[in-house]
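Each protein sequence line maps, in turn, to chains A and B.
If you use numbering that gives the first Met the number 0, the first sequence corresponds to residues 0 to 178, in order.
If you use numbering that gives the first Met the number 0, the second sequence corresponds to residues 0 to 653, in order.
One structure below.
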Amino acid sequence: MANLAQKVCIVGEFSVGKTSLIRRYVRGLFSEDYKATLGVNCYNHAGQFQHPTTGETHSINLILWDIEGGQQKSSMLNTYLIGASGALLIADLTRPETIQAVDHYFNLLESVIPGRPKVLALNKVDLMDGSPTMTQTLAMAKAKAKALGLRLVQTSASKGNQVPELFAGLASDILRLRD
Amino acid sequence: MSTDDQFPVNDLDALRALILGEDDAAVRSVSKLARRIDTVEEMLRDDPASVERLQAVLGDVLHGLEGDKRRLVQERLTALLLTNIQNEIKAAKPSFVQAIYPVAGGLVRKGIQQAISELLEVIEERLSEPATIYKRAQIRFQALITGKPEAEIWLRQTGLFHVDRILMVDRASGAVITGLRQDRDGTATDTIHSTDSIQGEDQIVSGMLTAIMSFSQEAFGEGGGGELSTLEFENSQLHVKATPLVLLVIRTIGTPPAKIDSIIENRFDRMVTDNADALGSFDGSLPNGARLEIQSQLRRLLRELRKAESEGLPSRKSGARRPIMTFVMALGGVLLVALVLIAILNAIRINGNVARVQNTIDDVEQLQAYPIDADYDRSKASVVVRGLVPDAASAGRLETHLREDHPRLALSFALSNISTDAVRPILRGPRIEREANSAGVNQLRDEAFIRDTIILDLEQQIGDLRLAMAGTEAVDAAQSYPTLTYDLDPDLGALRNQIGGTLLTALKAKRRLAGQADGAGDLFGLGGGGLYSLEAAQLDEQTVAGTLIGFNAAGSFTDVELALEATRLVAELLATKPQGVKLEILSVVRPVAGRELPENMDRFIASKARALLIAQGVKPDMMQIRTGGNAAVVAEIDPASWRKSHYVGFRLAY
């Protein structure tokens, strides 16, 4: 039984795979039509998560706010971030510019929910072909994560790689912060 | 160099007139106009004085125009102006939005209101789903008992007031702080004790409601309709009360009491005031004490609403019918309970019967090693005994035994007799049938004997297949199992190895003999003194099917000599075939893990093999290249093994 409800925001540029990652993970979802109108859609995942230090299992209802990409100038983005216990910043391995945009989202998050756990996910790693461009993009993502003090998780929404780990990791970070 | 440079002006004019004919004058006119427009544009650019001059002139000109001319000019100018305005709006969107908002604001608000209203309809549907299922079942049941149409009962019930859900929501996170859910029978449950799916549903709905509240507030601003309060739906209402910290969402069905707003308002104010600290410190959960306190206030609110509803409400105009309805409901409930009890008792009785029959079977000593189960068959309404028995006599004995022990039970039997049924029909060849018919029951009871018989039968079938492959049916066999599949199918791969091995040995022998004597003859004409006495007719098709030429990653032959000998062999063989036979060159590009297939490699290697065959005297029109074959994936191309390299195979097509 879930007894803790936590809001988690998922931000990132257009088409980086935010919704795909969430859909890979959640059990309950709302109508997809919402996002086009409001710029946000809510999902829910009730799960058991381990506390990173005590090892205790906690039941958490993760309320995932999938915020439309490219809302950099929208004042709604700030509004939607309020009250979040943590956030996922998503970038796309095949588009280096989405990694550059992480700075903007990180700064926004820091201004609205300072000190709350955040994790950077580099999505679409299944498309990694070993080419110099992608290798460079991966290095760029690692450097970005290091510079911002974020954990980098390499995910693939299409294959499901590291998707549960991404959300579970953030949930654990949220639990740790509650101590 | 331009045309003007080549011809004198007069000559150019003459040429133009010659080419354009009657259109020459029109072309000249258009050119002149274009030049004048350029000049005017040049004059106007960055020159406000010129613009002013032109505006004045344009105004006069437009004023002076009459009839069609005026309409024509207006049409042209309107199109021009619209395009320019659209471009300007695109370039400076924020300033334009600012400028036109007083005019367009109403439309925008209306659009947003409409969108929000649609979204709330979805929320309403989500909240009402479980109730609808319950309600439908309830109405169907009542219709069944009373004999009245479902629609009539439905209409009568819509007026009854019912509080379905009360949710206290944290406004910042959209999380449900606590909630209450009331069933139709009046049972109120803390939503925290609901199933995960209902909890999840409430969480999503509350999240979206907060998002909508934020959005509408952003769109309309404080006091401009930004705060949603009561939302009417077909048969229900969503009452929303808000503070900056929390939302109270109440979903009611039916006609609400007149005082509903004041009741909610009062209770909400008290809840917020009494629990200000707890609500302010909500971080995903509440201390148990605070949660229970808010829960009890929610229950109090529920009671107040019920009380208000019972103190004379419009919906109670049909109060006279209530006792009848209660009676019908009670009767229905009793009947339902009775039906459920009967079903439970029946299930217990059936399970008991099945268990007793199974125990009897298990007690038969001679059948203890045999899989025999008792089960209940609803279609036959009897206990069915299924399984395997050693022989017909055992089946008969078991049946008699069970019927004697359970005389009042309906029993049916589906027992298989090992001597005829144990071997699956698919594996039953002529030999098995023969053995089954001739051998005694005792022999067939021996499992080892049965297994050996099956193996012998399979071996016989394999032998037949081999014979077919080696004989005149080889063409069919080769076509059924094309070269393309050899390395995907281990058995066919082994066969190919065998045939290919024979070919290699033969080629080596030929080379050796060719070195020893002139005119040593072709591969299959070695004669009685040669190494092979095999006749070409028995081997040629399978040789073709087994002949593969390998290629490395760059598309070079892995063994040039072998490729030459193989193509020569195929060419010789083809020469012996009737006219019209085609040689299919089957090109297979080996996939390497993690890499894309090299482009055009399939046609490249097929063309190389084709070139070798042409060199051996095969006519091009006798050959056909086929690509697109599949092969097993490898880590790297290895020219030393045909299973790890690109390859070309051959097949005869008649």
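Quick reminder that beta carbons are idealized off the backbone N, C-alpha and C, glycines included.
C-alpha gap between residue i and residue j, whole angstroms
i: M139/A; j: I98/A; result: 8 Å
i: V559/B; j: V569/B; result: 15 Å
i: S393/B; j: K158/A; result: 56 Å
i: P577/B; j: S606/B; result: 24 Å
i: L408/B; j: I165/B; result: 55 Å
i: R298/B; j: A187/B; result: 8 Å
i: K141/A; j: E264/B; result: 53 Å
i: P255/B; j: L237/B; result: 11 Å
i: R161/B; j: Q137/B; result: Looking at the sequence itself, residue 161/B is His, so the reference to Arg does not match. Looking at the two C-alpha atoms, the distance is approximately 15 Å.
i: L244/B; j: P286/B; result: 17 Å
i: G253/B; j: R302/B; result: 17 Å
i: G554/B; j: T136/A; result: 33 Å
i: R162/A; j: L169/A; result: Just to set this straight, residue 162/A is Val in the shown sequence, not Arg. Using only the alpha carbons, I get a separation of about 11 Å.
Proximity test, Cβ basis, 7 Å: residue i and chain B
i: G85/A; result: no
i: G82/A; result: yes
i: N60/A; result: yes
i: C41/A; result: yes
i: A170/A; result: no
i: K6/A; result: yes
i: L165/A; result: no
i: T78/A; result: yes
i: L20/A; result: no
i: L151/A; result: no
i: L3/A; result: yes
i: S157/A; result: no
Rounded Cβ spacing between residue i and residue j (contact assumed at less than 8 Å)
i: R355/B; j: H400/B; result: No, R355/B and H400/B are not in contact; Cβ-Cβ is about 13 Å, not under 8 Å.
i: A120/A; j: L165/A; result: 5 Å
i: A562/B; j: I548/B; result: 5 Å
i: H645/B; j: V587/B; result: 7 Å
i: E67/A; j: V111/A; result: So it is not a contact: roughly 16 Å between Cβ atoms.
i: L92/A; j: I9/A; result: In fact, because the Cβ distance is near 17 Å, the residues do not count as touching under 8 Å.
i: A5/A; j: I89/A; result: The residue asked about is misnamed: residue 5/A is Gln in this sequence, not Ala. Incorrect: roughly 18 Å between the Cβ atoms, too far for contact.
i: Q202/B; j: V239/B; result: Actually they do not touch by this definition, with Cβ atoms about 17 Å apart.
i: V382/B; j: N352/B; result: 6 Å
i: K123/A; j: A86/A; result: Going by Cβ atoms, the distance from K123/A to A86/A rounds to 20 Å, so no, they are not a contact pair.
i: G173/B; j: N43/A; result: Not a contact, Cβ separation roughly 10 Å.
i: I366/B; j: L334/B; result: Looking at the sequence provided, one finds Leu at residue 366/B rather than Ile. Between L334/B and L366/B the Cβ distance is about 46 Å, and since that is not below 8 Å, they are no contact.
i: V388/B; j: I371/B; result: 7 Å
i: T78/A; j: S213/B; result: 5 Å
7 Å Cβ cutoff, residue i in contact with chain A
i: Q202/B; result: yes
i: G288/B; result: no
i: A277/B; result: no
i: M207/B; result: yes
i: A210/B; result: yes
i: D12/B; result: no
i: G331/B; result: no
i: G283/B; result: yes
i: A634/B; result: no
i: A241/B; result: no
i: S381/B; result: no
i: G199/B; result: yes
i: S215/B; result: no
i: G616/B; result: no
i: A171/B; result: yes
i: A608/B; result: no
i: A562/B; result: no
i: A174/B; result: yes
Measuring CB atoms only, is the stretch 236-249 of chain B touching the stretch 39-51 of chain A, in the sense that at least three cross pairs come out at less than 8 Å?
No, because fewer than three Cβ pairs between the stretch 236-249 of chain B and the stretch 39-51 of chain A fall closer than 8 Å, the two stretches do not touch.
On the three-pair Cβ rule with 8 Å, is the stretch 12-19 of chain A touching the stretch 166-186 of chain B?
Touching, no, given that fewer than three Cβ pairs across the two stretches are closer than 8 Å.
List, from N- to C-terminal side, the alpha helix (DSSP H) runs of 4 residues or more that fit wholly inside the stretch 556-595 of chain B.
List check, alpha helix (DSSP H) in window: 559-574.
Is there contact between the stretch 102-109 of chain A and the stretch 123-130 of chain A, where contact requires at least three CB pairs shorter than 8 Å?
Contact between the stretch 102-109 of chain A and the stretch 123-130 of chain A is absent: fewer than 3 CB-CB pairs across the two stretches fall below 8 Å.
Could you tell me which uninterrupted alpha helix (DSSP H) segments, each at least 4 residues in length, are contained entirely in the stretch 32-91 of chain A, listed from first to last along the chain?
As far as the stretch 32-91 of chain A is concerned, its whole alpha helix (DSSP H) runs of at least 4 residues are 32-37 and 74-80.
What ranges does the alpha helix (DSSP H) occupy inside the stretch 242-285 of chain B, keeping only unbroken runs of at least 4 residues that lie completely in it?
Uninterrupted alpha helix (DSSP H) stretches at least 4 residues long and entirely within the stretch 242-285 of chain B occur at 259-273 and 275-279, given in chain order.
Just to confirm the assignment: which complete beta strand (DSSP E) runs, minimum length 3, are found wholly within the stretch 316-387 of chain B?
DSSP runs (the beta strand (DSSP E)) wholly in the stretch 316-387 of chain B: 371-376.
Which parts of the stretch 112-161 of chain A are runs of the beta strand (DSSP E), unbroken and 3 residues or longer, counting only runs that do not cross its ends?
Fully enclosed beta strand (DSSP E) runs of 3 or longer: 117-122 and 150-153.
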